[in-house]
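To start, the structure under review is shown below, and the notes come after it.
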Amino acid sequence: MKKLLVVLFFLGLANAVQAAEPIRKDLVYAPSPVDNPLRGFVPFQGNYGNRFPHSMEYLALPLNRLMVGPQSFLFEENLDSALDEIASRGHQAVLRLYLDYPKKQTGVPKYLIDAGLKMTRYAAHGGGLSPDYEDERLYEALETFVTAFGKRYDGDARIGFITIGLIGFWGEWHTYPHVDWFPSTKNQNRVLHAYAKTFRKTKLLMRQPMADGPKLPIGYHDDSFAFSTLPTKGWHFLSVMKRQNTLDAWKTKSIGGELRPELQADIWKPTSADVQKRYDQCVELTHCSWLINQHVFSYRREGKERDLALQAARELGYELHVSRFELTPSSSGRRLTGDVYVENRGVAPFPYDWPVELRLQSQGKTLADWTTDWKLSELLPGKATKPTWRFEATLKNGLPARFQIELRVKGPLNNAPPLCFANKEQQADGWLRLASGS
């Protein structure tokens, strides 16, 4: 339990209570919004209006749009503009950079190709050009880029998650069926360690645990979700996670991915109950927080199909519910102890420690507000059988007869919808009313 000590001085308060009665209040559950931050279904970058609620957009860029020379970058021209556009809609980005994206032009910087980096043409997955993943010049470039990238963007409020990308087809860390093209473990580690060294705040994810990945603060993304997720074959996502002893990684690292594209069109139809059941199992076992699911944004769902899609999105990630609040005044009424019981009804913790704030109001005026040191990321799924958070406050004139004590989580984007608790008492402006007196 986290405890906060606060000394508050309220001057000239009328009707102060010198011996206030204890408050023991059970708060009422209500589903939180589908577009709560950092969870749910994610479309590719674009303005989809209100077609389906979401808080993030997926942005995939070729490296050569950002790196044009050994020390020459176009961050402002080609990345900031895209991040600003996404943020203007109150959303955060899930970002990936790539070198090789089948059916698209190469993402390898031109200066490397001009210097003689070998490029191999292939027909698989629609065709493309694969760079030589053992060329030293490539890794010197990647390490230089990631260092500059992290220096500029680590902790950027416009970015929710970064998938490591860069290596393999689509930046998904595989070159199947050309498995002999894949980089050595040494070179894999050069990319992983460059990211982990430079990005200390923004959450990172990689395709699956390999090389030194399990030792680093890097989560995972299953880009074939609900198709090759369950451990029925050795190469499936959860089979690999089990072999690498990373099944509990979700407790401290983020899990995301993409709903298998071939499933997206029909999975929420009433006739697809078996696939929906498999989806539910995958969410439960992976503790996934977000999934790219372009089809629900490209084509409007109606009726039962839309309801099922909304419910599926709501299953992902965290759902924080304040189940109980207790306020205990001292005999004089000048010292207060507040206990907040918070339970996570979702499948994963909230990924960041955004500030948790409290405020005391009376008759429409804020008498005091303060920021706690409470950690959202520590709230694992489960019921709250004892106080999760505690604050202690000293009030010079005691607690007013009329008051409200409220709590909120302050997100980094001012124009984004607030994080809402799963409570009937949750207000639209982000504040959750814990208790009141009148």
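Sequential numbering of the sequence shown, starting at 12, is according to the working numbering. Glycine included, each C-beta is placed from N, C-alpha and C at the ideal position.
Alpha-carbon to alpha-carbon, residue j and residue i
i: PRO54; j: MET67; result: 7 Å
i: PHE336; j: ASP37; result: 7 Å
i: GLY171; j: ASN408; result: 43 Å
i: SER388; j: THR155; result: 31 Å
i: PRO228; j: ASN256; result: 15 Å
i: THR377; j: PHE414; result: 10 Å
i: GLU88; j: ARG76; result: 9 Å
i: ARG346; j: PRO423; result: 32 Å
i: LEU177; j: ALA126; result: 19 Å
i: VAL294; j: SER343; result: 50 Å
i: ILE124; j: MET130; result: 8 Å
i: ARG419; j: ALA379; result: 14 Å
i: PRO48; j: ALA207; result: 24 Å
i: LYS262; j: ARG50; result: 15 Å
i: LEU321; j: GLN82; result: 45 Å
i: PRO142; j: ASN200; result: 18 Å
Residue(s) in a DSSP beta bridge with residue i
i: GLY51; result: TRP301
i: ASP233; result: GLY268
i: SER388; result: Paired residue(s): none; SER388 is not in a bridge.
i: ASP350; result: GLU337 and ARG401
i: PHE172; result: VAL105 and LYS214
i: HIS247; result: Answer is none; HIS247 lacks a bridge partner.
i: TYR36; result: The question names Tyr, but residue 36 in the sequence shown is Lys. Answer is PHE336.
i: ILE416; result: LEU371 and ALA446
i: ARG100; result: DSSP, once it has assigned bridges, lists no residue as partnering ARG100.
i: TRP381; result: LEU369
i: THR131; result: SER141
Residue burial classification, residue i (beta-carbon count within 10 angstroms, cutoff 16)
i: GLN374; result: exposed
i: VAL333; result: buried
i: TRP181; result: buried
i: PRO281; result: exposed
i: PRO362; result: buried
i: TYR187; result: exposed
i: GLU354; result: buried
i: THR196; result: exposed
i: LYS214; result: buried
i: ALA98; result: buried
i: TRP381; result: exposed
i: ASP111; result: buried
i: TRP442; result: buried
i: GLU273; result: exposed
i: ALA276; result: exposed
i: SER449; result: exposed
i: GLY118; result: buried
i: ALA135; result: exposed
i: THR243; result: exposed
i: ASN58; result: exposed
i: GLY161; result: buried
i: THR405; result: exposed
i: ALA284; result: exposed
i: VAL367; result: buried
i: TRP246; result: exposed
Cβ-Cβ distance between residue i and residue j below 9 Å
i: LEU74; j: PRO120; result: yes
i: TYR231; j: LYS264; result: yes
i: GLY267; j: ASP233; result: yes
i: PHE86; j: ALA205; result: no
i: GLU330; j: ALA433; result: yes
i: PHE52; j: LEU327; result: yes
i: PHE193; j: GLN219; result: no
i: LEU149; j: LEU106; result: no
i: ALA41; j: GLN438; result: no
i: LYS226; j: GLY166; result: no
i: MET221; j: ALA152; result: no
i: PHE236; j: TYR290; result: yes
i: PRO392; j: GLY349; result: no
i: VAL202; j: VAL251; result: no
i: TRP385; j: LYS421; result: no
i: PHE308; j: ARG62; result: yes
Integer Cβ distance of residue i from residue j, believed to fall under 8 Å
i: ARG163; j: ALA104; result: About 14 Å separates the two Cβ atoms, so there is no contact after all.
i: LEU258; j: LEU302; result: That belief does not hold up - the Cβ atoms of LEU258 and LEU302 are roughly 19 Å apart, past 8 Å.
i: ASP46; j: PRO33; result: The Cβ separation is near 37 Å, so there is no contact.
i: LEU128; j: ILE175; result: Their Cβ separation, rounded to whole angstroms, is 20 Å, which puts LEU128 and ILE175 out of contact at 8 Å.
i: LEU70; j: ALA93; result: 6 Å
i: TYR133; j: HIS185; result: Actually they are not in contact, since the Cβ atoms of TYR133 and HIS185 sit about 13 Å apart, beyond 8 Å.
i: LEU410; j: PRO340; result: 6 Å
i: PHE402; j: LEU430; result: In fact, because the Cβ distance is near 19 Å, the residues do not count as touching under 8 Å.
i: VAL351; j: PRO398; result: 7 Å
i: TYR144; j: GLY80; result: That pair is no contact at about 21 Å.
i: ALA395; j: ILE416; result: Not really, about 18 Å apart at Cβ, beyond 8 Å.
i: GLN292; j: ILE278; result: Their Cβ separation, rounded to whole angstroms, is 13 Å, which puts GLN292 and ILE278 out of contact at 8 Å.
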